[in-house]
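Colleague: Residue numbers (our numbering): 712 to 1010.
Idealized CB from N, CA, C, for every residue including glycine.
Pasting a structure below so you can have a look.
Shown next, in the form of C-alpha cells:
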C-alpha cells in the first residue's frame, strides 16, 4: 500500500467535489437573487452545506495521506472516517429538515409553484450531481477512501431530492398538489437511511472492525505460499481508518535457525503488505509442532 501514490487521485477527486458544489452554489445564488425565489435560495443554502462537507473531506484526505510521525506512529488514516461521519450528520440533518418541510406542506396544503428559474436550477443540479456521484464513486473505490465514497452517496441524495422536487413541481402544474410533499417524505426517509449507513460504516472504521472474510482468506493464502511456512496459528485483523493492520502467527520448523526464521517472517510481512488495503503486517514466529495442523483462528 503506497499512501503517497494515492494522494494525487484522492486530492483530485475531493477538489472536483468542492469545485462542483461551489459552482452550484454560485449558480443558485445568482438565480435566487434575480428571481427572488425562496425555493432557489433554500437550494443555494443546501449547496453551501455541501461545500462545508467537501472542505471537511478534502482536509481529511490530506491529513490521512501524511506519513507516520512520532506522535502518530501508525499514520493518520483515521482522519478520513471522521469526515465521513461529518457527511453522515449533514445528510441526516438534511433528511430531517426535508421530512419536516414535507409534513408541513402536506398539512397546510401549500402548492409548489412551477417556474422556469426553479426548473433550470433542478435540471442543472441533477446533471451536475449525477456526474459528480459517478466520478467520486469510481475514485473512492479506486483509492479505498470512505470519505470520498460518503461524498458520492451524498451526491446521490442530492440527485434524488432534485428529482423529487422536479416531479412534485410537474405534478403541481397538472393539479396533483399532494405529489410534492409525498415524494419529499419518501426521499427524506431515503436520505436519513443513507446518512445512517454512512455513519455506521465510518464508525466501524474508527472502532477497528475486522477485515472481510475474503481478505482474511487472501492473507492466509499469501502467507502459506511463502517457502518455509508450515502453518498458521492465528490471524487477527482490524481497521485503522480505511486500511488494515494484520497480526499473524506463522509456524516454521523448530530446527530452523533464528536468522532463517527472521527471513521467512520478513518475506511473509512483505507479501501481506503488498495487498492494496493492508497498511502494516506484524508477523510472529512459532515453532512447528504436530498439533499445529490447521489454520487456527482468525479475526
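1. Could you tell me which residues DSSP puts in a beta bridge with residue 954?
2. Using a Cβ-Cβ cutoff of less than 7 Å, which residues in the same chain neighbour residue 841 once the five nearest sequence positions on both sides are dropped?
3. Mind pulling the beta strand (DSSP E) runs of 3 or more residues that sit fully within the stretch 889 to 955?
4. Across which residues does DSSP place residue 996 in a beta bridge pair?
5. Drop a sphere of 10 angstroms on the beta-carbon of residue 971, count the other beta-carbons inside from all chains shown, and report buried for 16 or more, exposed for fewer.
6. Does the beta-carbon distance from residue 785 to residue 759 come in below 8 Å?
7. Leaving out five residues before and five after residue 955 in sequence, what residues of the same chain have Cβ atoms less than 6 Å from its Cβ?
8. Rounding to the nearest angstrom, what Cα-Cα distance links residue 767 and residue 986 in this structure?
9. Here's the rule I'm using: 16 or more other beta-carbon atoms within 10 Å means buried, otherwise exposed. How should residue 778 be labelled?
10. On a CA-only basis, which of 771, 941, 894 is nearest residue 952? Give me that one, please.
11. So for residue 712, helix, strand or coil by DSSP?
12. Is it buried or exposed, residue 969, if we count other Cβ atoms within 10 angstroms and call 16 or more buried?
13. If we ignore side chains and look at the alpha-carbon of each, how far apart do residue 814 and residue 754 end up?
14. Exposed or buried, what is residue 849 when buried is set at 16 or more other beta-carbons lying within 10 Å of its beta-carbon?
15. How many angstroms separate the CA atom of residue 761 from the CA atom of residue 914?
16. Who pairs with residue 991 in a beta bridge, going by DSSP?
17. Check residue 969 in the structure and name its three-state DSSP category.
18. Can you tell me where the alpha helix (DSSP H) holding residue 867 begins and where it ends?
19. Cβ atoms of residue 876 and residue 791: under 8 Å apart, would you say?
20. If I measure Cβ to Cβ from residue 712 and keep anything under 8 Å in the same chain, skipping five residues before and after, which residues do I get?
21. Rounding to the nearest angstrom, what Cα-Cα distance links residue 729 and residue 798 in this structure?
22. Whose C-beta lies closer than 8 Å to the C-beta of residue 738 among residues of the same chain, with five residues either side of it excluded?
23. So what's residue 731 in DSSP terms, helix, strand or just coil?
24. What would DSSP say about residue 984, mapped onto helix, strand or coil?
25. Can you check whether the CB of residue 957 is closer than 8 Å to the CB of residue 941?
Modeller: So, from the data block:
1. Partner(s): 951.
2. Cβ neighbours of residue 841 beyond the five flanking positions: 870.
3. List check, beta strand (DSSP E) in window: 942 to 951.
4. In the DSSP assignment, residue 996 is bridged to 961.
5. Flag for residue 971 reads exposed.
6. Result no, Cβ atoms of residue 785 and residue 759 do not sit closer than 8 Å.
7. Closer than 6 Å at Cβ, skipping near neighbours: 922, 948, 988, 989.
8. Straight-line Cα distance between these residues: approximately 28 Å.
9. That one is exposed.
10. Per the C-alpha coordinates, the member of 771, 941, 894 positioned closest to residue 952 is 771.
11. Bear in mind that a pLDDT of 49 at residue 712, under 50, signals an unreliable position, so the number given afterwards is only what the model happens to contain. In this structure, residue 712 counts as coil in the three-state DSSP scheme.
12. Burial call: exposed.
13. If you take the alpha carbons of residue 814 and residue 754, they lie about 18 Å apart.
14. With fewer than 16 other CB atoms across the displayed protein chains lying within 10 angstroms of its CB, residue 849 is exposed.
15. About 21 Å.
16. Per DSSP, the beta-bridge partners of residue 991 are 956.
17. Here residue 969 sits in helix by DSSP.
18. 857 to 884 is the span of the alpha helix (DSSP H), which, as asked, contains residue 867.
19. No, these two residues do not count as a Cβ contact at 8 Å.
20. Confidence at residue 712 is low in this model, with a pLDDT of 49, below 50, so its placement is unreliable and the value that follows should be read with caution. Here the set comprises 954, 984, 986, 987, 988, 989, 990.
21. Approximately 13 Å between the Cα atoms of the pair.
22. Leaving aside the five residues that flank residue 738 on each side, the residues in its chain whose CB is nearer than 8 Å to its CB run, in chain order, 832, 835.
23. The three-state reading of DSSP puts residue 731 in helix, counting H, G and I together.
24. Collapsing the DSSP output to three states places residue 984 in a helix.
25. Not in contact: residue 941 and residue 957 (Cβ atoms no closer than 8 Å).
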